[in-house]
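What follows is the structure in structure tokens.
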């Protein structure tokens, strides 16, 4: 791995951490639905998936979850596992969608958003009980527009950053 690649991945990691932390200060719908976020950190994961591949996107996503937990919520508590399960399932499904070449960039983002919600519900059921499954329809309903929004933002960010990287 070149120093240039390490530097760029580090910047993408920093972007995802900062987005995640900033986003945690602004609960969607005034915090009425626990765990509901825009998913701004996924912008960096999508860009990493496109520029560097599955392995790097997976590493970046897991590293972000761990570092944000260390900085904000703590390791190995319920919210950590919600984020971890969501991140793992999201990157796994986005990678499959990306490799299939059947989805646009926005479509891949929507798949990631839906998958993140499903991953969180799996963790919720495991840790808090089967009644948590009732949150799934609400989370999926909000995953569609947030996935669309993050997909558009990621596309624009990628277009902009590729132009900058070509000049570097």
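Numbering (our numbering), first residue to last: 941 to 1108.
Cβ coordinates follow ideal geometry from the N, Cα and C atoms, glycine included.
Exposed or buried, what is residue i when buried is set at 16 or more other beta-carbons lying within 10 Å of its beta-carbon?
i	result
residue 1070	exposed
residue 1068	exposed
residue 980	buried
residue 949	buried
residue 1057	buried
residue 1062	buried
Look at the alpha carbon of residue i and the alpha carbon of residue j, and state the distance between them as a whole number of angstroms.
i	j	result
residue 1016	residue 991	31 Å
residue 999	residue 1074	31 Å
residue 1064	residue 1077	14 Å
residue 944	residue 964	30 Å
residue 941	residue 955	20 Å
residue 1097	residue 996	18 Å
residue 1100	residue 967	28 Å
residue 1092	residue 1047	10 Å
residue 958	residue 1042	31 Å
residue 1004	residue 1082	22 Å
residue 976	residue 1080	10 Å
residue 994	residue 947	18 Å
residue 1084	residue 1066	24 Å
residue 961	residue 1034	22 Å
residue 1006	residue 989	19 Å
What is the C-beta distance between residue i and residue j, in whole angstroms, given that I count them as a contact (C-beta under 8 Å)?
i	j	result
residue 1025	residue 1059	4 Å
residue 1086	residue 978	5 Å
residue 1045	residue 1094	6 Å
Worksheet item: Taking one C-beta from the region 975 to 992 and one from the region 1028 to 1048 each time, how about it: are there three or more such pairs within less than 8 Å?
Response: yes
Worksheet item: With a cut-off of 8 Å, do at least 3 Cβ pairs link the region 1047 to 1064 to the region 1002 to 1013?
Response: Contact between the region 1047 to 1064 and the region 1002 to 1013 is absent, because fewer than three Cβ pairs lie under 8 Å.
Worksheet item: Is the number of C-beta pairs between the region 1016 to 1025 and the region 1033 to 1048 that are closer than 8 Å three or more?
Response: no
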